[in-house]
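Per this note's numbering, residue 30 is the first one in the sequence shown, and the count goes up by one each step.
C-beta: ideal position from N, C-alpha, C; glycine also.
As the structure is a computational prediction, the values presented were derived from the model and not from experiment.
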Amino acid sequence: MNHSLKPWNTFGIERSANTIVRAETEQQLLSAWQTAVAAGEPTLILGEGSNVLFLNDYAGTVILNRIMGIEVSETPDAWRLHVGAGENWHQLVQFTLQHAMPGLENLALIPGCAGSSPIQNIGAYGVELQRVCEYVDCIELETGRKQRLSAADLLLRCIFRFSNWAVLCNGCFFSSGASVRTVFVHLL
Ligand SMILES: Cc1cc2nc3c(=O)[nH]c(=O)nc-3n(C[C@H](O)[C@H](O)[C@H](O)COP(=O)(O)OP(=O)(O)OC[C@H]3O[C@@H](n4cnc5c(N)ncnc54)[C@H](O)[C@@H]3O)c2cc1C
30 MNHSLKPWNT FGIERSANTI VRAETEQQLL SAWQTAVAAG EPTLILGEGS
80 NVLFLNDYAG TVILNRIMGI EVSETPDAWR LHVGAGENWH QLVQFTLQHA
130 MPGLENLALI PGCAGSSPIQ NIGAYGVELQ RVCEYVDCIE LETGRKQRLS
180 AADLLLRCIF RFSNWAVLCN GCFFSSGASV RTVFVHLL
């Protein structure tokens with residue numbers, strides 16, 4: 030229990046975790062989760078830690094999702110982005126504006142990672158993520174199964190319905206408890 034969580038939460042709270050793993054690929058993320066589970070430890074997927082408050086040390090493995098990459102494709106009526114969950118959200122917004130792709134500008138300056146944005150359906154100035162997000166690619170960590178959830182799927186599973194991710198995690202999409210079982214890896 031000697032790995033500091035201070036750099037990984039925006040409050041800068043001095044707490045620690047048994048293990049902190051930086052996952053840059055889906056396979057690294059899955060392996061880190063499986064190793065922790067095999068050791069009987071709880072796991073926590075973390076983006077940039079702007080929506081968590083560590084009250085105690087975390088007796089488990091914290092996995093930092095740092096799956097990066099922004100792919101752009103253009104259709105006659107839209108630009109479509111395929112974004113790694115570890116990308117910083119505001120930098121993504123800036124990227125789109127620098128490349129003259131309007132649509133995300135109201136969501137500028139929201140802290141955190143792209144992969145965390147569906148959890149509470151980030152929103153600002155009258156625009157919510159659900160207006161611009163077509164899908165989220167997820168990995169079911171117990172099985173390694175990859176699944177693409179459409180915006181309609183996300184609504185059915187209550188993602189996008191609440192602005193309170195705690196309600197979401199306890200009630201709907203995640204299985205409950207301290208360990209997350211599904212992780213978002215790509216979206217938009
Ligand atoms: C100063 C400030 C201003 C803010 N302004 C706004 C605002 O205007 N609008 C708004 O909507 N929000 C706002 N927020 C809230 C915050 O920006 C969002 O909740 C953001 O999406 C959190 O991202 P994060 O990467 O820091 O998430 P974290 O705090 O790292 O994680 C939050 C939750 O998501 C889970 N999670 C993270 N990544 C994944 C993943 N890849 N797969 C599955 N689960 C995951 C974590 O386990 C945790 O339960 C603000 C926060 C701060 C501190």
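Neighbourhood of residue i by C-beta, 7 Å cutoff - its chain only, sequence neighbours within 5 removed
i, result
"S102", "R109"
"V156", "N135, L136"
"G115", "N94, R95, I96, M97, C142, G144"
"V165", "P147, L178, L183, F213, L216"
"N31", "S45"
"F83", "L34, N38, I42, R44"
"G76", "N94, G141, C142, G144, S145"
Neighbourhood of residue i by C-beta, 6 Å cutoff - its chain only, sequence neighbours within 5 removed
i, result
"Y87", "A46"
"L73", "V91"
"S79", "T39, P140, G141"
"L133", "V122, T125"
"R51", "L93, R95"
"E100", "H111"
"W62", "T72, L170"
"E53", "R95"
"I151", "I139, L158"
Where residue i sits in the DSSP three-state scheme
i, result
"H128", "coil"
"F176", "A small fix is needed here, since residue 176 is Gln in this sequence, not Phe. It is a strand residue."
"N135", "helix"
"V16", "Because the chain in this structure spans residues 30 to 217, residue 16 falls outside the shown range and cannot be described."
"G144", "helix"
"E103", "strand"
"L75", "strand"
"L216", "strand"
"E55", "helix"
"C198", "Interpretation of C198 is limited by its pLDDT of 31, a score under 50 that renders its predicted location unreliable; no figure is taken from the coordinates."
"D86", "coil"
"R95", "coil"
"L34", "coil"
"A114", "coil"
"R109", "strand"
"V122", "helix"
Whole-angstrom C-beta distance between residue j and residue i, which should lie under 8 Å
i, j, result
"E163", "S179", "7 Å"
"E70", "G41", "Contact flag wrong, Cβ pair sits at about 24 Å."
"L59", "G173", "6 Å"
Residues of its chain near residue i, where Cβ-Cβ distance is below 8 Å and the 5 sequence neighbours each way are ignored
i, result
"P131", "T125"
| message | Between the stretch 62-78 and the stretch 119-138, can you find at least three pairs of beta-carbon atoms closer than 8 Å? | response | no
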